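All residue numbers for the sequence shown refer to this note's numbering, where the first residue is 257 and numbers rise by one.
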Amino acid sequence: MKHLFFTFFFLFIVGGYSQNEYKNVQVNYKLYYDTEMPRIINAVLYASKDKAIYQTLYSTYKTWDEKEKLREEKRKKENENQNNSLSITRTRLSKSNPEDDPYIIVDNAAKEMFFYDNILYNRFLVQDIYHRFKWNITGETKDIAGFLCTKATTNYRGRVWTAWFAPDIPIPFGPWKLHGLPGLILESTREHQHLYHKSRKNQLRKIDYFK
């Protein structure tokens, strides 16, 4: 069974900071989707101790791999051989406008969660249910880009998530909607349903984004 990869390894790390200095951070992610429609998408997280904004940058969507191209050509030929007056094929949109890229807002202080998305060419801001993740923090550790990370697991809406977080960066957020751990999530995976997230080299830096 194929899985979907979200990989978050660091491209660049700002080192030499104490825990107190990691108040606001920006982390750039690469999402590797290993499914029947493989693709690579960038994402970015802006986070403080109380609030996070996570944006999936579909405007950076890269082309499908060669296998998918062959499958698409086969579908087109099959449609051409049909005698139907209307032929419908699946296709991929070209690069979109970055302003149309969806994002998720998680506010721990207000206990609120929103997502902003483009649906049928219309922009919607939707309030989601704020979820308190119940994490099982294990004793398993590993090094990710110079940070000692601890493994934790949780179940969210029937899906099992595994996260590796860095206690030395006391920001309780990570990619997507994940939050609630005592450290920044540098790697996460979602099991089953063709989804697997794993950290790849990303960029972590201090910012003055949140006031």
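Built from N, CA and C at the ideal position, the CB exists for glycine as well. Here the structure is a predicted model, which is why all the values come from computation and not from measurement.
Report yes if the C-beta distance between residue i and residue j is below 7 Å; otherwise report no.
i: Thr312; j: Pro358; result: yes
i: Lys307; j: Ile360; result: no
i: Gly436; j: Pro426; result: no
Quick one: what does DSSP say residue i is sitting in, helix, strand or coil?
i: Glu310; result: Before going further, note that residue 310 is Tyr rather than Glu in the sequence given. Tyr310: strand per DSSP, three-state reduction.
i: Asp399; result: strand
i: Asp356; result: helix
i: Ser444; result: strand
i: Lys407; result: strand
i: Asp363; result: strand
i: Glu368; result: strand
i: Arg295; result: strand
i: Lys433; result: coil
i: Trp417; result: strand
i: Tyr468; result: Limits of the chain in this structure are 257 at one end and 467 at the other, which puts residue 468 out of reach.
i: Phe389; result: coil
i: Tyr377; result: coil
i: Asp424; result: coil
With a 10 Å radius around its C-beta and 16 neighbouring C-beta atoms as the bar for buried, classify residue i as buried or exposed.
i: Arg446; result: buried
i: Glu443; result: buried
i: Gly402; result: exposed
i: Lys286; result: buried
i: Ile400; result: buried
i: Phe380; result: exposed
i: Val283; result: buried
i: Leu376; result: exposed
i: Ile385; result: exposed
i: Gly414; result: exposed
i: Ala303; result: buried
i: Leu203; result: Absent from the structure is residue 203, since the part of the chain shown begins at 257 and ends at 467.
i: Gly430; result: buried
How close, in whole Å, do the beta carbons of residue i and residue j come, if the pair is a contact with beta carbons under 8 Å?
i: Ala299; j: Tyr288; result: Not really, about 11 Å apart at Cβ, beyond 8 Å.
i: Ile296; j: Tyr314; result: Their Cβ separation, rounded to whole angstroms, is 11 Å, which puts Ile296 and Tyr314 out of contact at 8 Å.
If you pair each beta-carbon of the region 405-419 with each one of the region 385-392, do three or more pairs fall below 8 Å? yes
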